[in-house]
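Protein chains in written order, with our numbering: chain A, 32 to 75; chain X, 44 to 273; chain H, 290 to 502; chain L, 1217 to 1464.
Scroll down for the structure; my scribbles are underneath it.
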Amino acid sequence: MKDAGFIFGSYAATLGSILVFAWVTLRRAKKSSSQVSDSDKTWL
Amino acid sequence: MSRPNKGKVFSAVLIKDLRIELRSRVLTNQVLPFAGLVMIMFAFALDNDDVLQRVAGGLIWLATLFSSLIIIQRSFAVESADHALDSLRVAGIDLAGVFFGKAIALAIKLIVLDFVLIVTAMLLYRVDLTGPGLVLLVTCVLCSATGLGFVGTLYGGLTAGAKGRETLLPLLLLPVVAPVLIAATRATEAAFASGGAQTSEGWAWVGLLAIFAAVFGVGGSLAFGPLIDE
Amino acid sequence: MSEVISFVDTVIVYDNFPAVAGATFSVASGEIVLLQGPNGAGKTTLLRACAGLLPIARGKATVLGVDLKSDRATVRSQVGMLGHSNGLYQDLTVAENIGFWSRLVGAGNDDIAQAMRLMGLSERLSEVKVSNLSAGQRRRCALATLIVRRARLWLLDEPHAGLDADGRDELDKTLRSARDAGATVVFASHEIERAKALATRSFKVEGGVVGEA
Amino acid sequence: MSRLINSKSATGTQATRVLGLLAIVVMLWVVVSGLVFTPQDVVQGESVRIMYVHVPSAWIAYLAFILTAVASASWLIGKKHSMGFDRFAGASAEVGVMFMAITLLTGSLWGRLTWGEFWQWDPRLTTTAFLFVTYLGYLAVRRLDGSAEQRARRSAIMALLAVLEIPLVHFSVVIWRSLHQGATVLNPSGDVKLDDLMLFTLFSGVVGFTLVFFWLVLHRQRTMLLVDVVNSRGLDAAIADRRAEAGN
């Protein structure tokens, strides 16, 4: 494929950012979750 | 006791701010020399009379924006030095009146600043001004100074006081004032007839400046009170 | 209308710290109330909250019949607050500072003259810039702006600080005459002797909790 | 993969797991179809493939900022000032800023291939860049110290001011370009002839990114709630400590 670096770079940057955001969020949630009782978790 | 209306608060704050400026002379002793220096630096950096003549409008307004950051910070340093803003808040004073008073005081300082910058540009960059161009330029300065006064007071109030917030002002302010930079620059170029621009082209830009001032005048008077509240 | 301030289990958080951690007390109209306690006990925070400047985190708080939890803003025009700082403009003269406030609240020239007389600010001082005043003179100037505002509830944080003996006597007289005119005064002070003589009642503030003294 | 889906996350529910699974499936399809199945464009060549991630992320970024504004207005108007609106506004803005960064990055990579330059002063591009900086400012205001209510009020007003600002910036940039020099920029989509598969892939991209957006916002919003609760738990302990001071 011509210009493969640019194209794969775009896809990698996009998916990478999403995954990093998701991972950071989930990790932060896990850290605080143990200190919060289930009654405060409105989504449960 | 009945509280006075917006008009009284407005004039009291306006007179107070202008009087403080006359006493402390921060504008004349610090900001104007800084702005003049910036104009000279531009001349060094660009080092070409034709280029300078063509971009004079942009340089005037860039210098205005950077100097306005200092003026805005000064405008609220005065309020937070002895927690005078707290006193105004606790006294239940109409904050929209305070907003307009501070904004117009700021606008007047910016008009003085722009007058000096324009004269500097005419001397250093050799730009010419015709009769119709002068009318356009004066209107342009009035409209953009008012708009900048409103936006500057709004975001200056938010970033006033607490530690570490001063650095936030440029980040918040500069994107918002991009339309002023663009419109005022184009109108000024039209007034100077830089690059063969017609005076008539400038009036559309002045219209945009007027809209900007109106939008942030209304928005700012509504938002200022809740924004500076604790 | 007897209760001017009524706090029940009030918690006030300032800078993520519960400076007031459950205050229950009430102040009746016409009282001069002293808050005594060590530095950092929560006196200042309590006064600022009464002025509607700080949000109430928990509990109940009513000042001049206004619920501070739902509506902090309306109470402000009826209280006069003087904190550690004076709220003066350093580059303006005494007369200009007081004049600014009188214009804001729609007071007349007589009010300015009276306020300055009450606070012992002479003709000569009135034309001096605030930045050239002594601490005590600034304090008196700030109190004069408060008099011009004619508040129903006076909240004063260390009002005697920086005043000389005469100034303190003047201040006590002013507070008493303000009380006689229908105002209620709550003040914090370290000078227990003088303050006790002035106050009709006093509370002890310690560790963010208010108790009878 | 299935472990990732089934592992119990703190802020997950059945609904978010289904949402997440759907998002992954659609995104996989977009990647495979965008990189392999779709043909290259007559004009743009291979670079058209960037469009399948660029266009949806731009669309999501704008959607995020609209939702931030709506949630902020709801917070201000609502009598109860429900903090849920504030958290949603913040979460949506954070995700929006991320997608806007992706938009600018993929856009400039595409521009390098198509125009030969990373950046053009195209009105749409310029407005997007200003929007990005404006919302960085919004997030900075959210981080200012103060009570939760103060944070919510400040940031709600900032979000609504941004709504005032954006049309003004866009309008001024549009006439700035059109008055002064002819359009030097290719219309980014006007020259492209999309066949059915290309259109379908683009459409799948929009769907997939929307799913990802809502998955991220839901989790981010709930995480904010957890952090808020932990902070107020800290408050209970602090109040107890504070009262103990009075005892001695």
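Every residue gets a Cβ at the ideal spot worked out from N, C-alpha and C, and that includes glycine.
Measure the beta-carbon distance from residue i to residue j and round it to whole angstroms, keeping in mind my assumption that it falls under 8 Å.
| i | j | result |
| --- | --- | --- |
| Phe235 (chain X) | Asp171 (chain X) | 7 Å |
| Gly1353 (chain L) | Leu215 (chain X) | 4 Å |
| Ser1371 (chain L) | Val1385 (chain L) | At roughly 20 Å, the Cβ-Cβ gap does not stay under 8 Å, so Ser1371 (chain L) and Val1385 (chain L) are not in contact. |
| Gly1312 (chain L) | Thr1284 (chain L) | 7 Å |
| Ala500 (chain H) | Ala310 (chain H) | First, the residue type needs correcting, since residue 500 (chain H) is Gly and not Ala in the sequence shown. Gly500 (chain H) to Ala310 (chain H), Cβ: 12 Å. No contact. |
| Ala146 (chain X) | Gly263 (chain X) | 7 Å |
| Val249 (chain X) | Cys186 (chain X) | 6 Å |
| Ala139 (chain X) | Arg438 (chain H) | With 8 Å as the limit, Ala139 (chain X) and Arg438 (chain H) do not qualify as a contact, their Cβ atoms being about 20 Å apart. |
| Ile1266 (chain L) | Ile38 (chain A) | 6 Å |
| Val368 (chain H) | Leu460 (chain H) | Going by Cβ atoms, the distance from Val368 (chain H) to Leu460 (chain H) rounds to 18 Å, so no, they are not a contact pair. |
| Ser1388 (chain L) | Leu251 (chain X) | 6 Å |
| Ser291 (chain H) | Ala317 (chain H) | 5 Å |
Tell me whether the beta-carbon of residue i lies closer than 8 Å to the beta-carbon of residue j.
| i | j | result |
| --- | --- | --- |
| Gly530 (chain H) | Ala308 (chain H) | In the structure displayed, chain H extends from 290 to 502; residue 530 (chain H) sits before or after that span and is not available. |
| Val364 (chain H) | Val352 (chain H) | yes |
| Val474 (chain H) | Leu452 (chain H) | no |
| Met408 (chain H) | Leu432 (chain H) | yes |
| Leu323 (chain H) | Ser491 (chain H) | yes |
| Val1271 (chain L) | Leu1418 (chain L) | yes |
| Ala1287 (chain L) | Phe1315 (chain L) | no |
| Gly200 (chain X) | Leu270 (chain X) | yes |
| Ala227 (chain X) | Cys183 (chain X) | yes |
| Thr1439 (chain L) | Ala60 (chain A) | yes |
| Thr45 (chain A) | Ser1273 (chain L) | yes |
| Leu336 (chain H) | Ala477 (chain H) | yes |
| Leu177 (chain X) | Ala106 (chain X) | no |
| Tyr1351 (chain L) | Ala1368 (chain L) | no |
| Ala230 (chain X) | Gly245 (chain X) | yes |
| Trp1431 (chain L) | Thr1232 (chain L) | yes |
| Leu435 (chain H) | Gln426 (chain H) | no |
| Gly100 (chain X) | Thr163 (chain X) | no |
| Arg361 (chain H) | Val300 (chain H) | no |
| Phe1334 (chain L) | Arg1328 (chain L) | yes |
| Ala253 (chain X) | Leu197 (chain X) | no |
| Ser123 (chain X) | Ala203 (chain X) | yes |
| Leu212 (chain X) | Ile115 (chain X) | yes |
| Val1445 (chain L) | Asp69 (chain A) | no |
| Val74 (chain X) | Ser110 (chain X) | yes |
| Val1423 (chain L) | Val1252 (chain L) | no |
On the DSSP bridge list, what partners appear for residue i?
| i | result |
| --- | --- |
| Leu70 (chain X) | Answer is none; Leu70 (chain X) lacks a bridge partner. |
| Ala1465 (chain L) | Beyond the ends of chain L as shown, which are 1217 and 1464, falls residue 1465 (chain L); an answer cannot be given. |
| Leu444 (chain H) | H:Met370, H:Val475 |
| Tyr303 (chain H) | H:Phe306 |
| Gln1230 (chain L) | Paired residue(s): none; Gln1230 (chain L) is not in a bridge. |
| Ser295 (chain H) | H:Ser315, H:Thr351 |
| Leu1235 (chain L) | Bridge partners of Leu1235 (chain L): none, in fact. |
| Ser491 (chain H) | H:Leu323 |
| Thr382 (chain H) | H:Lys418 |
| Glu412 (chain H) | Paired residues: none, contrary to the question. |
| Gly500 (chain H) | H:Lys493 |
| Asp356 (chain H) | H:Thr351 |
With 16 other CB atoms within 10 Å as the buried threshold, where does residue i fall?
| i | result |
| --- | --- |
| Val1291 (chain L) | The question names Val, but residue 1291 (chain L) is Trp in the sequence shown. So Trp1291 (chain L) counts as buried. |
| Asp125 (chain X) | buried |
| Asp60 (chain X) | buried |
| Asp137 (chain X) | buried |
| Glu482 (chain H) | exposed |
| Asp129 (chain X) | buried |
| Ser243 (chain X) | exposed |
| Ile1282 (chain L) | exposed |
| Leu1347 (chain L) | buried |
| Gln241 (chain X) | exposed |
| Arg97 (chain X) | buried |
| Gln66 (chain A) | exposed |
| Ser63 (chain A) | buried |
| Val55 (chain A) | exposed |
| Ser411 (chain H) | exposed |
| Ala127 (chain X) | buried |
| Pro76 (chain X) | exposed |
Compare the C-beta of residue i with all C-beta atoms of chain C and state if any pair is closer than 8 Å.
| i | result |
| --- | --- |
| Ser318 (chain H) | Among the protein chains of the structure shown, namely A, X, H and L, there is no chain C. |
>> Restricting to runs no shorter than 4 residues, where is the alpha helix (DSSP H) found entirely within the segment 146–227 of chain X?
In response: Runs of the alpha helix (DSSP H) inside the segment 146–227 of chain X: 174–202, 211–219.
Suppose only complete runs of 4+ residues qualify. What are the alpha helix (DSSP H) ranges in the segment 1253–1336 of chain L, listed by chain order?
List check, alpha helix (DSSP H) in window: 1267–1293, 1299–1330.
message: In chain order, what are the residue ranges of uninterrupted alpha helix (DSSP H) at least 4 long that sit wholly in the segment 1330–1395 of chain L?
response: Listed in chain order, they are 1339–1358.
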